[in-house]
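Protein chains in written order, with my numbering: chain A, 12 to 220; chain B, 12 to 220.
Glycine is no exception: its CB is placed at the ideal position from the N, C-alpha and C atoms.
Quick caveat: nothing in here was measured; it's all calculated off a predicted structure.
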DNA sequence: CATATGATAGTAATCAGTTACTATCTTTTT
DNA sequence: AAAAAGATAGTAACTGATTACTATCATATG
């Protein structure tokens, strides 16, 4: 017997519910089309009440981006924790990232939408910081894989990092387009397999001849 | 002494100019935020005048998607024409696609934006047809590469196709985010190199042991 | 009672699309 | 070829709907 309507939530919890409502909505509609009225309706509240908990709409988006950054990184860190082999850790991160998106399709849509916006909003700054942190972590893993001899010393690290992130973005984008998140989960390991082979056998520009 | 303002263009040319204006604007702002007023202003026209040439806004977007589909496929076909080796053809397509995006950053933004929209608009249908055509062409190339012995017979064709498209989407997405299209052009061949190595050495699931 | 939370009912700005009128180009008629 | 007529293209001002945001009043909680 869950209450359809939770009344008079404490402020912090109401803010959390708001963020979840936005992530939820972003999975169903274009983030740019999400109005404060739509958010309020989705959480069974009146539109004006939202502004008792957030000073303006931008603050809501900022909170959402913070939620995405925190939860995504937490999930990725957890998946790779305790794995010694860098390539195995990367594989775990890859799968964890894809699984996170499958659970929260609205999250990448908020990210992409925010990052592509022209204006340098606080939300965009958060999104950029997330991306930078992600890329740095990957580069470290690839470098240590080189040191451990798991990857060839002449591997193009930058291209490998770009391709890892790009592969996920591409997978996610295609899943968002088709609307089939489950399929992405099964294709992801097969795609990562090709990526991994590419790293392991990469010769920079002139294969010895 | 170019005229700042071309007056009273014939209808068809005015429609072409409109499409170009939209692609141009989409490179600078979120496609969803492009208003008819913004389009008109960008082409030095009044907002109402647009509706003399298009019945509604959706028709404008439809024309834009048609433009993207036609020009992108033409450029890709041209780049691969006359190349016998499938892998070389794929490499040419890859580079041509990236170059097209560098020339028209608004094009992929329109595509992604349209494909992610919930409503099944005519513009979305065009975008989906473009993607399907693209994927089919790739699958054909990969299959013929197998037959010619350029790629291993046990390569996961579906994953290879998804990864090709995903790699481009990921590259483009990162370029859109950073706003640096020139860099994408230089990174693209290095990224494709890793992709190609992945295909050439891929063993499906159980590397013989 | 005091305060936090919510509802109701607004505001000014902006959106796609329409209307009435005017300018410009093309064709026909003389 | 000159002028009138018709068609096409553009302008300016508007409409109703929707937006983010606010002011005021009501209620629930501790």
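Compare the beta carbon distance of residue i and residue j with 8 angstroms and say whether it is the shorter of the two.
i	j	result
residue 208 of chain B	residue 209 of chain A	yes
residue 176 of chain A	residue 146 of chain A	yes
residue 173 of chain B	residue 182 of chain A	yes
residue 30 of chain B	residue 92 of chain B	no
residue 106 of chain B	residue 171 of chain B	no
residue 64 of chain B	residue 22 of chain B	yes
residue 54 of chain A	residue 113 of chain A	no
residue 108 of chain B	residue 34 of chain B	no
residue 140 of chain B	residue 69 of chain B	no
residue 51 of chain B	residue 61 of chain B	yes
residue 149 of chain A	residue 79 of chain A	no
Could you list which residues in chain A have their beta carbon closer than 7 angstroms to that of residue i, in chain order?
i	result
residue 148 of chain B	Those within 7 angstroms of residue 148 of chain B in chain A number zero; the least Cβ separation is about 16 angstroms.
residue 111 of chain B	Under the 7 angstroms cutoff, chain A gives no residues; its nearest Cβ is about 17 angstroms from residue 111 of chain B.
residue 120 of chain B	127
residue 94 of chain B	Simply none; closest approach about 20 angstroms.
residue 153 of chain B	Here the premise fails: no neighbours, minimum Cβ distance about 11 angstroms.
residue 71 of chain B	Near residue 71 of chain B there are no residues of chain A at all, since even the closest Cβ is about 17 angstroms away, more than 7 angstroms.
Quick test of your reading: residue i and residue j, contact by CB under 8 angstroms. State the CB separation rounded to the nearest angstrom.
i	j	result
residue 184 of chain B	residue 144 of chain A	The pair is not a contact, with the Cβ atoms about 17 angstroms apart (cut-off 8 angstroms).
residue 46 of chain B	residue 178 of chain A	Wrong, their Cβ atoms sit about 35 angstroms apart, outside the cutoff.
residue 104 of chain B	residue 87 of chain B	5 angstroms
Run through chain A and tell me which residues come within less than 9 angstroms of residue i, C-beta to C-beta.
i	result
residue 27 of chain B	Under the 9 angstroms cutoff, chain A gives no residues; its nearest Cβ is about 25 angstroms from residue 27 of chain B.
Which residues in chain A have a C-beta closer than 8 angstroms to the C-beta of residue i? List them in chain order.
i	result
residue 102 of chain B	Chain A residues near residue 102 of chain B: none, gap ~14 angstroms exceeds 8 angstroms.
residue 198 of chain B	169, 170, 173
residue 41 of chain B	43, 124, 127, 128, 129
residue 202 of chain B	170, 173, 174, 177
Identify which residue in the options has its Cα closest to the Cα of residue i.
i	options	result
residue 160 of chain B	B:212, B:102, B:205, B:110	B:212
residue 85 of chain A	A:110, A:62, A:153, A:205	A:110
residue 124 of chain B	B:50, B:49, B:72, B:95	B:72
residue 152 of chain A	A:27, A:62, A:97	A:97
residue 120 of chain A	A:28, A:76, A:154	A:76
residue 201 of chain A	B:165, B:186, B:203, B:196	B:165
residue 156 of chain A	A:187, A:197, A:99, A:26	A:99
residue 25 of chain B	B:56, B:49, B:44	B:56
residue 132 of chain B	B:67, B:89, B:186, B:195	B:67
residue 95 of chain B	B:163, B:136, B:158	B:158
residue 188 of chain A	B:136, B:190, B:27, B:204	B:136
residue 205 of chain A	B:162, B:27, B:49, B:190	B:162
residue 81 of chain A	A:142, A:49, A:197	A:142
Just the chain B side, please: which residues come within less than 9 angstroms of residue i by C-beta, in chain order?
i	result
residue 45 of chain A	Result: empty, since nearest Cβ-Cβ is about 11 angstroms, beyond 9 angstroms.
residue 185 of chain A	142, 173, 176, 177, 180
By the criterion of Cβ-Cβ separation under 7 angstroms, what are the contact partners of residue i in chain B?
i	result
residue 126 of chain A	188
residue 87 of chain A	Result: empty, since nearest Cβ-Cβ is about 17 angstroms, beyond 7 angstroms.
residue 34 of chain A	Per Cβ cutoff of 7 angstroms: no residues; residue 34 of chain A is ~15 angstroms from chain B at best.
residue 50 of chain A	What residue 50 of chain A touches in chain B: nothing, since even the nearest Cβ is about 16 angstroms away.
residue 158 of chain A	Near residue 158 of chain A there are no residues of chain B at all, since even the closest Cβ is about 19 angstroms away, more than 7 angstroms.
For the stretch 123-138 of chain A and the stretch 35-44 of chain B, state whether three or more C-beta atom pairs, one from each stretch, are separated by less than 8 angstroms.
-> Result yes; three or more Cβ-Cβ pairs closer than 8 angstroms.
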